[in-house]
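Colleague:
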Amino acid sequence: MGAGAQLSVTDQRRMARHPVDHPVIAEHFGKGDLRLHIANISANGFMVDNADGLVRGDRVIIRLPVVGRIESYVIWCRDNRAGFQFERIIRVDDFLALIDTLQPNPRLRKLR
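Going by numbering that gives the first Met the number 0, the letters in the sequence shown line up with residues 0 to 111, in that order.
Written out as structure tokens, the structure is:
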């Protein structure tokens with residue numbers, strides 16, 4: 000069996016997604032550093048729109064404002080998009096501060 004993530008966890012994509020425009024450098028455990036663009040984010044994960052070469056089960060570490068370094072796993076891939084699940088849920092207060100940092104325009108934020 001490969002060294003990828005065990006993805007038998009419950010799908011948690013029901014959380015509200017917040018649109019963002021945030022480039023990150025991800026540390027991939029096999030491919031080194033990758034430039035990714037986060038298009039939306041929730042307390043459980045995020046979606047990138049430039050996921051060429053990533054496959055389900057890949058692990059990456061990214062650095063986010065407020066949260067810091069956090070590991071995540073590719074849950075799905077389609078075309079050049081990929082959805083990631085964080086290895087832990089971000090606390091509500093940290094997540095709200097993160098959204099305030101990543102999406103400074105209050106008209107584009109979801110209602111809380």
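We treat Cβ as the ideally placed atom computed from N, Cα and C, and that holds for glycine. Please read these numbers as outputs of a predicted model, since none were measured by experiment.
1) Taking buried to mean at least 16 other C-beta atoms within 10 Å of its own C-beta, is Asn79 buried or exposed?
2) Within 10 Å of its beta-carbon, does Phe28 have 16 or more other beta-carbons around it, so buried, or fewer, so exposed?
3) Leaving out the 5 sequence neighbours to the left and right, which residues in its chain are closer than 6 Å to Leu101 when beta-carbon positions are compared?
4) Buried or exposed: where does Asp10 fall if 16 or more other Cβ atoms within 10 Å of its Cβ makes it buried?
5) Whole beta strand (DSSP E) runs in the stretch 14-42 with 3 or more residues, listed along the chain?
6) Quick check on Ala81: buried or exposed, where buried means 16 or more other Cβ atoms within 10 Å of its Cβ?
7) Cβ of Arg16 within 8 Å of Cβ of Ile37?
8) So, under 8 Å CB-CB, Leu97 and Leu53 are touching, yes? Tell me the CB distance rounded to an integer number of Å.
9) Who does Gln84 pair with in a DSSP beta bridge?
10) Excluding the 5 residues flanking Ile88 on each side, which residues of the same chain have their C-beta closer than 7 Å to its C-beta?
11) Select from Val47, Tyr72, Val66 and Lys30 the residue whose C-alpha is nearest the C-alpha of Asp57.
Modeller: So, to answer that:
1) By the 16-neighbour rule on beta-carbons within 10 angstroms, Asn79 is exposed.
2) The residue is exposed, with fewer than 16 neighbouring Cβ atoms inside 10 Å.
3) For Leu101, where only same-chain residues beyond five positions count, the Cβ hits under 6 Å are Val19 and His21.
4) At Asp10, the pLDDT of 49 sits below 50, so the modelled position is not reliable; the number obtained from the coordinates is stated separately. Counting other Cβ atoms within 10 Å of its Cβ, Asp10 stays below 16 and is therefore classed as exposed.
5) Runs of the beta strand (DSSP E) inside the stretch 14-42: 17-27 and 31-40.
6) Looking at its Cβ environment, which holds 16 or more other Cβ atoms inside 10 Å, Ala81 is buried.
7) No; because the gap between Cβ atoms is not below 8 Å, this pair is not in contact.
8) Between Leu53 and Leu97 the Cβ distance is about 23 Å, and since that is not below 8 Å, they are no contact.
9) Its beta-bridge partners are Gly44 and Tyr72.
10) Excluding residues within five positions, the ones whose Cβ falls inside 7 Å are Ala42 and Asn43.
11) Comparing Cα-Cα distances from Asp57 to each of Val47, Tyr72, Val66 and Lys30, the minimum goes to Tyr72.
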